[in-house]
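Quick notes on the structure that follows.
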């Protein structure tokens with residue numbers, strides 16, 4: 003199974019390309035809405051890492067500071083084959099950082115850019131956005147329509163798919179999730195909730211693809227739950243009027259899809275929006291029922307995302323440089339798959 007793209011109908015499928023020829027081709031800078039207060043039990047470090055996962059740095063920092071990895075906080079997981087910047091925190095009550103901590107981290111490939119004290123641990127998912135600077139090469143970058151594709155995404159938004167990393171290599175996480183949910187989800191079998199998340203992400207992508215194919219992914223339907231752009235605020239609409247259509251066209255509000263949970267099982271299918279969601283339960287009864295039985299709380303995710311301060315510039319080597327910001331939880335690969343034939347978005351195995 004593969005998921006629909008938004009530009010194929012007007013510009014055709016994109017051409018092959020590359021965006022990770024070197025770590026320097028993929029740069030990510032995490033942005034918070036606040037800064038360390040300058041005092042407290044937690045040492046906060048803004049770091050730059052290269053060819054390391056976030057958890058690699060967490061483990062190294064814990065070892066150097068003589069604490070457990072659970073005492074190191076971070077907001078988001080960042081790519082390995084890339085250069086990325088983010089904040090980490092480490093709990094050091096009543097003591098200073100170890101001597102030469104920055105030099106020892108640098109020897110492991112991690113630069114400390116800023117540091118400060120704060121009263122609280124850095125928690126998951128508190129960053130505002132990620133700023134990406136990517137180098138796209140290959141046929142996709144040289145194509146005559148690359149600028150037109152980019153402008154269409156800037157003007158109309160991007161399908162907010164979960165990226166392929168959510169499903170594991172070859173979709174293995176999804177296959178494991180189906181098996182686990184079929185026999186009954188237990189915390190001890192999925193301690194980090196990775197498999198449960200994989201199943202919920204798959205269902206969301208399926209609904210988004212269905213609405214793309216029906217040409218209603220970016221326009222409100224009766225019965226939709228809409229999300230205000232740039233926030234997590236949602237509101238339900240019984241009917242769609244001209245004002246809502248105008249706001250959607252201006253990217254001020256976005257239709258949402260469910261992160262399947264306990265409130266979805268008995269969902270009414272009386273409205274056009276609800277019928278899309280009810281179809282998921284008919285198509286994937288094992289996943290939907292298993293998620294409900296696991297007790298996952300229903301959430302909402304925007305079907306569309308706006309590119310923040312986007313820019314495209316040609317490079318001397320024939321490639322193009324892309325710059326844009328995405329809200330937390332959104333994937334740069336969702337943007338790239340509209341510009342290039344993305345190999346990591348290969349069809350997933352049937353579930």
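Residue numbers (the working numbering): 3 to 353. Glycine included, every Cβ here is placed at the ideal spot set by N, Cα and C.
| Check | Outcome |
| --- | --- |
| To the nearest whole angstrom, what separates the beta carbons of residue 124 and residue 5, a pair I think is in contact under 8 Å? | That pair is no contact at about 33 Å. |
| Considering only their Cβ atoms, is the gap separating residue 178 from residue 198 smaller than 7 Å? | no |
| So for residue 276, helix, strand or coil by DSSP? | helix |
| When you compare the segment 126-146 with the segment 17-27, are there three or more beta-carbon pairs, one atom per stretch, that lie closer than 8 Å? | yes |
| May I ask which residues mark the beginning and end of the alpha helix (DSSP H) holding residue 342? | Here residue 342 belongs to no alpha helix (DSSP H), and DSSP marks it neither H nor E. |
| Considering only residues of the same chain and omitting the five flanking positions on each side of residue 253, which have a CB-CB separation below 7 Å? | 159, 231, 308 |
| Would you give the residue range spanned by the alpha helix (DSSP H) that residue 204 belongs to? | 196-215 |
| Considering only C-alpha positions, which residue in the set 233, 235, 203, 256 is nearest to residue 223? | 256 |
| Quick check: what's the CA-CA separation for residue 227 versus residue 304? | 9 Å |
| Looking only at C-alpha atoms, which of 327, 326, 40, 262 sits nearest to residue 298? | 262 |
| Evaluate the contact criterion for the segment 214-223 versus the segment 153-170: three or more CB pairs, one atom per stretch, below 8 Å. | yes |
| Straight-line CA distance for residue 353 to residue 180? | 7 Å |
| Under three-state DSSP, which class holds residue 5? | coil |
| So is residue 84 buried or exposed if we call it buried at 16+ other beta carbons inside 10 Å? | buried |
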